[in-house]
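*Asks:*
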Amino acid sequence: MEGNYRIILTEEQIQKRVKELGEQITIDYKDNPPVIICMLKGAIYFFSDLTRNIKLPLEFDFARLSSYKNGTTGGEMELISNITTEIKDRDILIVEDIVDSGKTLSYFVKLLKEKKPKSIKICTFFDKKDRREADIEADYIGFTLPCGFIIGYGLDYAEKYREFPFLAEIIDPSK
Ligand code: IMP
Ligand code: MG
Numbered sequence: 244m245e246g247n248y249r250i251i252l253t254e255e256q257i258q259k260r261v262k263e264l265g266e267q268i269t270i271d272y273k274d275n276p277p278v279i280i281c282m283l284k285g286a287i288y289f290f291s292d293l294t295r296n297i298k299l300p301l302e303f304d305f306a307r308l309s310s311y312k313n314g315t316t317g318g319e320m321e322l323i324s325n326i327t328t329e330i331k332d333r334d335i336l337i338v339e340d341i342v343d344s345g346k347t348l349s350y351f352v353k354l355l356k357e358k359k360p361k362s363i364k365i366c367t368f369f370d371k372k373d374r375r376e377a378d379i380e381a382d383y384i385g386f387t388l389p390c391g392f393i394i395g396y397g398l399d400y401a402e403k404y405r406e407f408p409f410l411a412e413i414i415d416p417s418k
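According to my numbering, the sequence shown holds residues 244 to 418 in order.
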């Protein structure tokens, strides 16, 4: 893998954008601070940086979903760990690493809606808009760039490379 990736966003570029998103969310939610949900594992750094840039009293929760993808087609969805916060009549902000087909998020949003929250919004670090299959859009988007498979800043390739502070694109996925 050494050398099999190119950096597409530096740590500085990421931090600048995350700060902007935090400022926007601070304004939008100033009267109703949200329950903010981190989608594990990929959103861990984004969530951690973003929440420190939202100047509001927040309530944190965490959820973990896994989709078993056979090749490029989305497979079964499994809720590995759910939130425990009572969210009825609350404003919810979901923080995700990347929206690709959108299947993971639309599945999770459907589950949350059963708990009757007041509102649900989505903040994603990265949006692969042109690969969308499910009818779902993020309300806050860090970056949308043409790219292949990306790693770093929490994102993995077979559970590796999450710890990179930058975002990189894999050059040859077969390696
Ligand atoms: P979706 O259900 O197709 O939207 O898949 C979203 C999930 O797939 C994300 O939360 C990521 O975990 C994973 N994913 C999709 N594209 C990438 C990528 O380029 N790099 C790393 N993970 C990805
Ligand atoms: Mg993920």
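The C-beta atom is built at its ideal place from N, Cα and C for all residues, glycine as well.
1) Would you identify the three-state DSSP class for T253, choosing helix, strand or coil?
2) Do F409 and E254 have their C-beta atoms within less than 8 Å of each other?
3) Do G397 and I268 have their beta-carbon atoms positioned less than 8 Å apart in this structure?
4) Could I get the ranges of all uninterrupted beta strand (DSSP E) runs contained in the stretch 317-361, with 3 residues as the minimum, in chain order?
5) I'd like to know whether the C-beta atoms of A306 and I279 end up nearer to each other than 8 Å.
6) Can you list, in chain order, the residues of its chain with a C-beta nearer than 7 Å to that of R374? Leave out the 5 residues immediately preceding and following it.
7) Give the straight-line distance between the Cα atoms of R405 and G395, rounded to the nearest whole angstrom.
8) Tell me the rounded alpha-carbon separation between I297 and I251.
9) For F303, count neighbouring C-beta atoms within 10 Å of its own C-beta (all shown protein chains included) and say buried if the count is 16 or more, exposed if not.
10) Can you tell which of I270, R249, L293 has the C-alpha that lies nearest to the C-alpha of K259?
11) Looking only at DSSP bridge pairs, what is Y248 linked to?
12) As a quick exercise: from K273, N275, L301, pick the residue whose alpha carbon is nearest that of C281.
13) What number of angstroms, rounded off, separates the C-alpha of L299 from the C-alpha of S417?
14) Buried or exposed: which applies to D415, given that a residue is buried once 16 or more other Cβ atoms fall within 10 Å of its Cβ?
15) Cutting at 7 Å between CB atoms, please list the residues of its own chain near K358, excluding the five before and the five after it.
16) Using DSSP's beta-bridge definition, name the partner residues of V278.
*Replies:* The relevant details are as follows:
1) Mapped onto the sequence shown, residue 253 falls at position 10. Coil.
2) Against the sequence shown, residue 409 aligns to sequence position 166. Against the sequence shown, residue 254 aligns to sequence position 11. Against a cut-off of 8 Å, the Cβ pair of E254 and F409 comes out as a contact.
3) If you number the sequence shown from 1, residue 268 lands on position 25. If you number the sequence shown from 1, residue 397 lands on position 154. Taking 8 Å as the Cβ cut-off, I268 and G397 do not qualify as a contacting pair.
4) 320-324, 334-342
5) The sequence position of residue 306 within the sequence shown is 63, counting from 1. The sequence position of residue 279 within the sequence shown is 36, counting from 1. Result no, Cβ atoms of A306 and I279 do not sit closer than 8 Å.
6) Residue 374 sits at position 131 when you count from the first residue of the sequence shown. Taken in chain order, the residues that qualify are D343, S344.
7) As a working note, residue 405 is residue 162 in the sequence shown. As a working note, residue 395 is residue 152 in the sequence shown. Spanning the two alpha carbons is a distance of roughly 5 Å.
8) For this step, residue 297 is matched to residue 54 along the sequence shown. For this step, residue 251 is matched to residue 8 along the sequence shown. About 25 Å.
9) Reading the sequence shown from its first residue, position 60 is the one you call residue 303. Its Cβ having fewer than 16 others within 10 Å, F303 is exposed.
10) Mapped onto the sequence shown, residue 259 falls at position 16. Nearest C-alpha to K259: L293.
11) Here residue 248 corresponds to residue number 5 of the sequence shown, with the count starting at 1. According to DSSP, Y248 bridges with I413.
12) On the sequence shown, position 38 is the one that residue 281 refers to. Out of K273, N275, L301, L301 has the C-alpha closest to the C-alpha of C281.
13) Here the question's residue 299 lines up with position 56 in the sequence shown. Here the question's residue 417 lines up with position 174 in the sequence shown. The alpha-carbon atoms of L299 and S417 are separated by roughly 44 Å.
14) Along the sequence shown, one-based indexing puts residue 415 at 172. So D415 counts as exposed.
15) Here residue 358 refers to the residue found at position 115 of the sequence shown. So the qualifying residues of the chain are I330, K331.
16) Taking the first residue of the sequence shown as 1, we reach residue 278 at position 35. Its beta-bridge partners are E302, I335.
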